[in-house]
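For the sequence shown, the working numbering assigns the number 620 to the initial residue and increments by one for each residue that follows. Even glycine gets a Cβ: it sits at the ideal position worked out from N, Cα and C. A short write-up of the structure that comes next.
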Amino acid sequence: MEFISSVLNESWQLLKASSIYIIFGILVAGILRAFLRPETIATHLGTGRFLPVLKAALFGIPIPMCSCGVIPAAASLKRQGANNGATMAFLISTPESGVDSIAITYALIDPLMTIFRPVAAFITAAAAGITENLFGRYEAGPATLPDMSCPIDNCCDGTTCCAEDHAAHHSRSEKIAFGMRYAFTELWEDLAVWFLAGIILAGLISALIPESLMSQYLGGGLWSMIIMLFAGIPMYICATASTPIAAALILKGVSPGAALVFLLAGPATNIASLTMSVKILGKRSTIIYLFIIAVSSILLGIMLDQIYLLAGISAQATAGSAREIIPSWVQTAGGAVLLALSIKPLYSTFLSKILRLKGHDHTGSCSCS
620 MEFISSVLNE SWQLLKASSI YIIFGILVAG ILRAFLRPET IATHLGTGRF
670 LPVLKAALFG IPIPMCSCGV IPAAASLKRQ GANNGATMAF LISTPESGVD
720 SIAITYALID PLMTIFRPVA AFITAAAAGI TENLFGRYEA GPATLPDMSC
770 PIDNCCDGTT CCAEDHAAHH SRSEKIAFGM RYAFTELWED LAVWFLAGII
820 LAGLISALIP ESLMSQYLGG GLWSMIIMLF AGIPMYICAT ASTPIAAALI
870 LKGVSPGAAL VFLLAGPATN IASLTMSVKI LGKRSTIIYL FIIAVSSILL
920 GIMLDQIYLL AGISAQATAG SAREIIPSWV QTAGGAVLLA LSIKPLYSTF
970 LSKILRLKGH DHTGSCSCS
């Protein structure tokens, strides 16, 4: 009982520390959803070996989407004319980063990791996409129109009315209101279960694993990077959920570079996403995708350790320092809000598991007579 209490206490402390930052992150993500749709850039990703890749890598950075959730978006880009390199870059940078994961990285780790993480995601995605277009089967992609339908209420499909007419359909306040609703409903429902699972796993690490064990085997160097790479590749975890785990590992003595490898490889790769990428890009391109992620994450992890060393920064000492900015009562309120918002997705997940165990393939909300 004491062990369970310790795990729950550690998890609650992490949830409180990250709550305000994660709320801010999903709000920004919701606003991006209202004002900027991923499909609108498809016309920029078809022609050219380099510029479309850089655009796709950059555009994927702020979008909060997990490795399996990004698959249909990447498939849509491919159908709408994006070449293989641009599609691959989007497929890598999007799950590796996001405004929500950037915010929680600042809350639980430190400013240096907060800056370096999205930069590393961009470098990895750009390297993979350019490699694919240079050495793979380059296809320029047809000039097709992206999906310009209104994300707020589908009032316009984007083709029967011009952009100027559609801009007058919704005011800025309506778009902001939609973005906030989307952030606290659909977006958080997608993230909640995995985020809370990451928080609990981080609590387990904090309560269970001795610091000496982590610092001995994962305190830095090539082998620690390789171990974290093989731990992250098969794991299904989103960028947001991976952050508290990485923070807990750093506090236990894992080097920031090794933690970065986990933060890059974990969200971008898992068995499901690799299987789907074979269907979208092909086997050869998927091998390039996996190889570049592995090599880039290790090299960037080694580079990050050197930056910390040269700057004289202790990752353990600075981890979680941002939580001191937010008053304790605000953190507690933020944690309570996130738990309240998580009731519905947790219940839905629990219900779907029960129905699956009983032999049903759906959650009961269907039109079957």
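Exposed or buried, what is residue i when buried is set at 16 or more other beta-carbons lying within 10 Å of its beta-carbon?
i, result
"Gln950", "buried"
"Val626", "buried"
"Ile623", "exposed"
"Phe881", "buried"
"Pro853", "exposed"
"Phe735", "buried"
"Leu696", "buried"
"Glu805", "exposed"
"Gly931", "exposed"
"Met989", "As shown, the chain starts at 620 and ends at 988. That puts residue 989 outside it, with no answer to give."
"Lys963", "exposed"
"Phe849", "exposed"
"Trp948", "exposed"
"Ala570", "Lying before the first or after the last residue shown, residue 570 is absent from the chain, which here runs from 620 to 988."
"Leu634", "buried"
"Leu919", "buried"
"Phe797", "buried"
"Leu837", "buried"
"Ala936", "exposed"
By how many angstroms is the C-alpha of residue j removed from the C-alpha of residue i?
i, j, result
"Lys674", "Ala739", "15 angstroms"
"Ala648", "Ile818", "21 angstroms"
"Tyr640", "Arg942", "9 angstroms"
"Ile926", "His789", "47 angstroms"
"Phe709", "Met844", "24 angstroms"
"Ser986", "Ala694", "With a pLDDT of 38 at Ser986, under the threshold of 50, the modelled position of this residue cannot be trusted, and the question is left open."
"Thr763", "Val672", "Reliability fails at Thr763, whose pLDDT of 43 lies under 50, so the model's placement of it is uncertain and the value that follows must be treated cautiously. Thr763 and Val672: Cα-Cα distance of roughly 18 angstroms."
"Pro730", "Thr724", "8 angstroms"
"Phe969", "Leu957", "18 angstroms"
"Gly954", "Ser630", "11 angstroms"
"Ala692", "Ile945", "36 angstroms"
"Tyr801", "Leu929", "43 angstroms"
"Leu879", "Thr905", "22 angstroms"
"Gly748", "Val914", "14 angstroms"
"Ile828", "Lys871", "8 angstroms"
"Leu670", "Ser825", "43 angstroms"
"Ser896", "Ile690", "7 angstroms"
"Phe678", "Phe741", "9 angstroms"
"Leu841", "Ser933", "19 angstroms"
"Ala726", "Lys902", "39 angstroms"
"Pro737", "Pro875", "14 angstroms"
"Gly704", "Ile682", "19 angstroms"
"Ala952", "Arg668", "49 angstroms"
"Ala636", "Ser792", "30 angstroms"
"Val718", "Ser638", "14 angstroms"
"Ile721", "Leu646", "13 angstroms"
"Lys898", "Leu753", "21 angstroms"
"His981", "Trp807", "For His981, the pLDDT reaches just 49, beneath the cut-off of 50, and the residue's location in the model is therefore unreliable, leaving the point undetermined."
"Val873", "Gly839", "7 angstroms"
Measure how close the beta-carbons of residue i and residue j come, nearest whole angstrom, since I'm counting them as under 8 angstroms.
i, j, result
"Ala860", "Phe814", "5 angstroms"
"Pro886", "Pro714", "4 angstroms"
"Leu909", "Leu893", "7 angstroms"
"Ala938", "Ile771", "Not quite, the Cβ-Cβ distance comes to about 40 angstroms (not below 8 angstroms), so this is no contact."
"Thr706", "Leu900", "7 angstroms"
"Glu751", "Ile917", "Not a contact, Cβ separation roughly 19 angstroms."
"Ala811", "Leu960", "7 angstroms"
"Ala821", "Met847", "With a Cβ gap of about 15 angstroms, Ala821 and Met847 do not count as contacting."
"Ala865", "Ile973", "32 angstroms between Cβ atoms; not a contact."
"Ala676", "Ser712", "5 angstroms"
"Ile856", "Thr888", "Incorrect: roughly 10 angstroms between the Cβ atoms, too far for contact."
How would you write the range of the alpha helix (DSSP H) that residue i sits in, first residue to last?
i, result
"Gly822", "807 to 827"
"Thr862", "858 to 870"
"Asp924", "902 to 930"
"Thr706", "703 to 715"
"Ser971", "947 to 976"
"Ala744", "730 to 754"
"Met799", "791 to 801"
"Ala854", "In the sequence on display, residue 854 carries Met and not Ala. Unbroken run through Met854: none, as it is neither H nor E."
"His653", "Looking at the sequence shown, residue 653 is not His but Ala. Note, Ala653: alpha helix (DSSP H), 621 to 654."
"Phe678", "670 to 679"
"Thr724", "718 to 727"
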